[in-house]
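Just so we're on the same page, the numbering used here is the position in the sequence shown counted from 1, plus 1. Written out below as structure tokens is the structure these notes cover.
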Amino acid sequence: MTKSRTESAPDAWLVELTRMASGRASLAARCRARAAARPWTIVVLALGVLLASSTTVLLIGSRARGVDHPDQWDQRVAPFVELVEKERGLRFAHPVYVDFLPPERFLSSSAPADLDLDGQDHATIEDTARLLHALGVVGSVLDLENDSGRLRGTPVPLGYYSPSTQRVGLRGTELTPALQAALVHELTHALQDQHVDITSRLADLEGDPAKQSAFRALLEGDADRVEAVWRATLDDAAQQLLEADAARLQPPADRSSAVPSALRTLVGAPDRLGALLVDVVRAAHGERGIDDMFLTPPSTQEHLLDPWSLVQDHQGSLAVAAPLVRAGDERFQEGTFGAVSWLVLLASRVAPEDALAAARGWGGDAYVAFRRDGTDCARISYAADTPADRTRMRATLRLWVERGPRASAHVERRGQQLVLESCAPKRATEVGADRSHAAMDLAVLHTEVSLALVRKGFDPETARCGSDRLLELTADRRDATLSHARVLRRVVHPCLPDGTD
């Protein structure tokens, strides 16, 4: 129901938005730290199925037969079990083992044993690296086999849940504050598994990478939200202890790491966007809505980039045929590229605001990666939601092409679709000033602002309008606006039921 301004003073929710903006950095930092903690080969394999990555570590493998369960919970764990059950409105069917492991044992047990680097998985990793190089996301083909240690970065995960063994593992023998946070997160995964059978659901979705990707983001978003609820129960002193313990266990990432910035953004996207998707669904449909999503997961990356496209618009995607290639071209990968991938790709060369505006007009796409005359290339057919969205994307892609290596890419219109072709340059090149983190921050901000307005009683259409107007401002004006409730009210005012321009 639409709520008029006479029912609730705007200053209350405007001040809430300014508080929300100031707290975004810590969540983003946690997501980036978790992303950096993933083994690099897992990261790129995940990108090969369109952002199908995991937070902390969610080890997916074949479910072991005759899995053993304890008769009761470890006394150290029981209070956190109660919190997870209460927040999710679900009960554990049985306890699970929580293993407190010395760092060396933890690292060996958290390495996925089912990753076949000599077979299909290795080929997928190599092909994905070639695709990213063809699109200019990385400046040269990554030697994943030899550089995986250097690319991994310094952070390592603090916990994992394995659906195959149904056990939680923590990196340490004492339940310190940072491990408590990891425990809440991993217990949420264990609860999810007992109610939806994570391994079986991912197997069911194996033929649809977009749905599998969204399902993984849903798993992480749900666990992130429950972890955030636990963090909110801590007083200031406990928060400081938590941050100090996390810093002790998780030193800053190695700045010399060879992981390209755009890839860090892609790997962190499921954590950040998945949590927002869960928040939007919960605001619209409650806990039952979240449970329903596990049974019928979102179907496109657009649902992650703009959760309202799922919750309010019930929007799917347009059918797009894979683009044709020349006779003699050797195909090595194809699939759906997705709205989040477009955001990161565009932000590698254009302004974050322009990248987000273009990516939000996504209606559907299909890509094919191929080798032509010894050079890796990619072609992407793109369908927009509206003619205006197509015009915006075409202009943005032209700018993206202009700012890339000479003669390495071009874009053209074919019927109602656009076709982008990009090939790796003949010589290794430096990737330009990537602004994908800033573009992702904008996408997150857009959803957060609209969600805050909905929570204060405004209908989603009004809330989305207000968030759109905020993103139309220049970066300097937007930051200043978020810091002053009175200015923010003037920006959002025309979208309110009784607002006027």
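Where is the CB? At the ideal position from N, CA and C, for every residue including glycine.
Item: Between the CA atoms of W74 and S55 - distance to the nearest angstrom; Value: Note that S55 scores a pLDDT of 33, beneath 50, so its modelled location is shaky and nothing firm can be said.
Item: Complete alpha helix (DSSP H) runs within the region 355-421 (minimum length 4 residues, chain order); Value: 388-403
Item: Rounded separation between H494 and D72 - CA only; Value: 58 Å
Item: Local conformation of S110 per DSSP, three classes; Value: helix
Item: First and last residue of the uninterrupted beta strand (DSSP E) at L171; Value: 168-172
Item: Three-state class that DSSP yields for D117 in the structure shown; Value: Any answer about D117 is weak, because its pLDDT of 42 lies below 50 and its placement is not dependable; what the coordinates show is given next. Coil.
Item: Nearest-angstrom Cα separation, counted from Q76 out to A263; Value: 43 Å
Item: Top-ranked residue by Cα proximity to D390, from G173, T376, L419, A276; Value: L419
Item: G290, DSSP secondary structure in three states; Value: helix
Item: Boundaries (first-last residue) of the alpha helix (DSSP H) holding S310; Value: 309-312
Item: Best match in A359, R289, Y383 for proximity to D366 [C-alpha to C-alpha]; Value: Y383
Item: Distance CB(R380)-CB(D330) smaller than 7 Å; Value: no
Item: T57 - DSSP class collapsed to helix/strand/coil; Value: Residue confidence is low: T57 scores 48 on pLDDT, short of 50, so the model does not pin down where it sits. Its coordinate-derived value is still stated next. In this structure, T57 counts as coil in the three-state DSSP scheme.
Item: Endpoints, beta strand (DSSP E) assigned at S163; Value: 160-163
Item: Identity of the residue in P158, P461, T129, G173 nearest D100 by Cα; Value: G173
Item: Classification of R361 by the beta-carbon crowding that lies within 10 angstroms, buried from 16 upward; Value: buried
Item: R131 beta carbon less than 7 Å from that of D435; Value: no
Item: Cβ-based burial, H304 [other Cβ within 10 Å; buried from 16]; Value: buried
Item: Distance, R428 Cα to M441 Cα; Value: 30 Å
Item: Beta strand (DSSP E) segment containing F216, residue limits; Value: Per DSSP, F216 belongs to no beta strand (DSSP E); it is in the alpha helix (DSSP H), 210-233.
Item: Cutoff 7 Å: A239 Cβ touching any chain B Cβ; Value: The structure shown contains no chain B; it holds only a single protein chain.
Item: G336 vs P164 beta-carbon contact at 7 Å; Value: no
Item: Residue from E175, L452, V312 whose Cα sits closest to the Cα of P104; Value: E175
Item: For F459 and R168, the rounded distance between their alpha carbons; Value: 43 Å
Item: Per DSSP, cross-strand counterpart(s) of V99; Value: V169
Item: Host beta strand (DSSP E) of F459 (start-end); Value: Element bounds for F459: n/a, residue is neither H nor E.
Item: DSSP state of F333 mapped onto helix, strand, coil; Value: strand
Item: Length of the line joining the Cα atoms of Q195 and L398; Value: 45 Å
Item: Residue closest to G140, alpha-carbon to alpha-carbon, out of E422, P406, V445, G416; Value: P406
Item: Euclidean distance between Cα positions of E449 and Q181; Value: 27 Å
Item: 7 Å CB neighbourhood of R202 in its chain, flanking five on each side removed; Value: F216
Item: CA-to-CA distance, R491 to G339, given in whole angstroms; Value: 35 Å
Item: Three-way DSSP call (helix, strand, coil) for S423 in this model; Value: strand
Item: Range of the contiguous alpha helix (DSSP H) that encloses T200; Value: 199-205
Item: Separation of A179 from A245, as counted between CA atoms; Value: 9 Å
Item: Given G208 as reference, the closest of L452, S300, D292, V282 once Cα atoms are compared; Value: S300
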